[in-house]
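Working notes for the structure below.
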Amino acid sequence: MSIHVQGMRAWLLQRLSSVYVALYLVFALSFFWHSPDLNYDTWLNFMAQPVMAISSLLFFIFILVHAWVGIRDVLIDYVHNGALRFSIFVILGLYLLTMGVWVLMILLSVVQI
Amino acid sequence: MLTKTRRPKHLNLLKIRLPLTGMVSIFHRLSGVILFFSIPFAIYLLALSLRSPETFLQAGTFFEHGLVKLLSVIVIYSLAHHFFAGLRFLLLDLDIGLSLKNARLSAWIVVILGFVAFAFLAIWLLAGECL
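The following block contains the structure:
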């Protein structure tokens with residue numbers, strides 16, 4: 001199967017991102033489960049590790065990609081006016097991009113290299 | 001594609017009775033949309049938790065408001081269902097469980113695991129020291 005088949009890229013991105021997000025979620029929940037008395041310093045030091053900052057950034061990027069494909073599919077199903085659909089796509093894209101920059105700024109402010 | 005047959009259409013949502021597999025599917029979509037709207041709140045909590053010791057505590061008390069608690073319950077259930085229904089779709093993509101019998105069985109398992117995970121997470125995250 002070729003990656004250039006219509007919709008194949010989105011289909012694949014949706015599945016790859018879901019696997020990463022699911023694995024990260026299980027990992028994050030088990031971290032919180034094993035740290036019942038989490039305080040600010042422990043949390044900050046934990047997230048300041050480059051490996052945590054990078055894997056967390058990837059987690060949010062994959063969530064945003066997953067949301068893009070998912071919401072795009074919903075819009076394709078329910079919004080049939082081409083111009084309106086395109087406008088919502090643009091707003092959605094800018095919105096998700098903003099969320100990504102926000103996460104990047106948060107993680108850059110704590111990461112210790 | 002135009003067809004000349006006049007099949008009965010029941011687009012009245014109250015008249016459509018989806019099979020369980022269809023319910024799992026449409027709730028996967030609905031929960032996805034709900035999770036989409038929860039994204040900025042999750043990022044905001046991340047920002048609060050990392051900014052300073054004061055805002056870290058503030059992030060914890062965020063969930064003490066009644067309305068936030070109610071919305072969190074909906075988001076947590078959406079996450080639980082979306083997780084397991086998504087896992088089921090991944091397995092179906094790998095041609096696992098495609099027979100009608102197995103698809104129905106896995107739909108039931110998704111519903112049950114979704115409720116169990118929801119109950120566990122809700123008690124753990126929202127009810128505090130119950131566990």
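These protein sequence lines map, in sequence, to chains A and B.
Position one of the first sequence corresponds to residue 1 (my numbering), numbered consecutively onward.
Position one of the second sequence corresponds to residue 1 (my numbering), numbered consecutively onward.
Beta carbons: idealized from backbone N, C-alpha and C, even for Gly.
{"Check": "Is Ala80/B close to chain A? Criterion is C-beta to C-beta, closer than 7 Å.", "Outcome": "no"}
{"Check": "Would you please verify whether the beta carbon of Phe56/B is less than 7 Å from any beta carbon of chain A?", "Outcome": "yes"}
{"Check": "Who are the neighbours of Ile96/B on chain A, taking C-beta pairs under 7 Å?", "Outcome": "In chain order: nothing, as chain A lies at least about 14 Å away."}
{"Check": "Can you name, in chain order, every residue of its own chain whose Cβ lies under 7 Å from the Cβ of Tyr24/A, other than the five neighbours on each side?", "Outcome": "Ser55, Phe59"}
{"Check": "Is Ile88/A close to chain B? Criterion is C-beta to C-beta, closer than 7 Å.", "Outcome": "no"}
{"Check": "Drop a sphere of 10 angstroms on the beta-carbon of Ile16/B, count the other beta-carbons inside from all chains shown, and report buried for 16 or more, exposed for fewer.", "Outcome": "exposed"}
{"Check": "What residues in its chain sit with their C-beta under 7 Å from that of Ser72/B, if we drop five residues either side in the sequence?", "Outcome": "Phe63, Leu126"}
{"Check": "Terminal residues of the continuous alpha helix (DSSP H) containing Phe120/B?", "Outcome": "100-126"}
{"Check": "Ile39/B versus chain A: which residues are under 8 Å apart at the beta carbon?", "Outcome": "Ile63, Leu64, Ala67, Met99"}
{"Check": "For Ser17/A, which of Phe31/A, Ile63/A, Leu57/A has the nearest alpha-carbon?", "Outcome": "Ile63/A"}
{"Check": "Expressed to the nearest angstrom, what Euclidean distance is found between the alpha-carbon atoms of Val24/B and Trp11/A?", "Outcome": "19 Å"}
{"Check": "Candidates Arg51/B, Phe89/B, Leu70/B, Ala85/B: which alpha carbon is nearest Ile106/A's?", "Outcome": "Arg51/B"}
{"Check": "Beta-carbon within less than 8 Å of Phe89/A's beta-carbon, same chain only, minus the 5 sequence neighbours each way: which residues are those?", "Outcome": "Arg72, Leu75"}
{"Check": "Within the same chain, show all residues whose beta-carbon is closer than 6 Å to that of Leu91/B, passing over the 5 residues directly before and after it, in chain order.", "Outcome": "Gly97"}
{"Check": "Verify the CB distance criterion: does Tyr125/A have a CB-CB separation below 7 Å to chain B?", "Outcome": "Residue coverage of chain A in this structure runs from 1 to 113, which leaves residue 125/A outside it and unanswerable."}
{"Check": "DSSP on His28/B, reduced to helix/strand/coil?", "Outcome": "helix"}
{"Check": "Just the C-alpha distance for Val69/A and Val21/A, rounded to the nearest angstrom, thanks.", "Outcome": "14 Å"}
{"Check": "Short of 6 Å in beta carbon distance, which residues of its chain neighbour Phe41/B, apart from the five on each side in sequence? Order them along the chain.", "Outcome": "none"}
{"Check": "When burial is assigned at 16 or more other CB atoms within 10 Å of the CB, is Gly22/B buried or exposed?", "Outcome": "exposed"}
{"Check": "Compile a chain-ordered list of the residues in the segment 26-40 of chain A whose CB is closer than 7 Å to at least one CB of chain B.", "Outcome": "Tyr40"}
{"Check": "Residues of the segment 10-27 of chain A in Cβ contact with chain B at a cutoff of 8 Å, in chain order, please.", "Outcome": "Arg15, Ser18, Val19, Ala22, Leu25"}
{"Check": "Just reading off the alpha helix (DSSP H) that Arg15/A is part of, what are its end residues?", "Outcome": "8-34"}
{"Check": "Let me know the secondary structure DSSP gives Arg17/B once reduced to three states.", "Outcome": "coil"}
{"Check": "Provide the residue span of the alpha helix (DSSP H) that contains Gly86/B, from first to last.", "Outcome": "66-93"}
{"Check": "Confirm, please, whether the CB-CB distance from Ala85/B to Val110/B is below 7 Å.", "Outcome": "yes"}
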